[in-house]
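Under the numbering used here, the first residue of the sequence shown is numbered 16, with each subsequent residue one higher.
Okay, structure first, notes after.
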Amino acid sequence: GSHSLRYFYTGVQGAPDVPEFTAVGYVDDLLIDHYDSVTRRKVPRQQWMADNEGADYWEEGTQVRAGHEQVFKAGVKTVMGRYNQTGGVHTVQLMYGCEVRDGVAAGGFSQFGYDGNDFISFDKENMVWVAPT
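Structure below.
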């Protein structure tokens, strides 16, 4: 069979009732972990994740995601500046992951979006970042 591991990061500016940063991980279509800028903790969302990973895993993951939170908060403001935007609600999203088919790596991907549109993606065949045309 085939399986996927995917992560989704979202940075939000200008929406007071929404966390400024959220990161979630999925195995296939199952939510496995969650972090946001309100709770500031990476936590398991499946019991088998909690059972198979120790406290060090979650603490280290919390620190890594806290770093990503800072990058995304700055990133939203940077992209807003590039588009000469000074207000309003804006989002930067990252989706990355990989797939395995019959025990063999079948591909990976990494792509960014801005305000719901494709922004840039990584072309792993040519090892370059590509903007949509």
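All C-beta atoms in this analysis are idealised placements derived from N, C-alpha and C, irrespective of residue type, glycine included.
All values derive from a computational prediction rather than experimental measurement.
* Based on Cα-Cα distance, which residue from A70, D117, V86 and Y98 lies nearest to R24? -> The amino acid at residue 24 is misidentified as Arg; the sequence shows Tyr. When only C-alpha atoms are compared, the closest one is V86.
* **Buried/exposed call for V119, threshold 16 Cβ in 10 Å** => exposed
* Distance, Cα to Cα, D71 vs P59? -> 13 Å
* Backbone secondary structure at T54 - three-state DSSP -> coil
* To do: Could you check which residue in R56, R116, E35 and D66 has the C-alpha nearest to that of V107?
  => E35
* Mind checking whether the beta-carbon of A121 lies closer than 7 Å to any heavy atom of the ligand MN? -> Absent from the structure shown: the ligand MN. Ligands present: none.
* Do S125 and F134 have their C-beta atoms within less than 8 Å of each other? -> no
* Asked: How about the segment 88-95 and the segment 63-70: do they share at least three Cβ pairs that are nearer than 8 Å?
  -> no
* Asked: Span of the alpha helix (DSSP H) holding Y72?
  -> A70 to R97
* **R116 versus G102 - alpha carbon distance** => 44 Å
* Asked: If you compare alpha carbons, which of G128, G76 and G16 is closest to G26?
  -> G128
* Which of helix, strand or coil does DSSP assign to A30? -> coil
* **Residue closest to R21, alpha-carbon to alpha-carbon, out of Q62, W63 and G40** => G40
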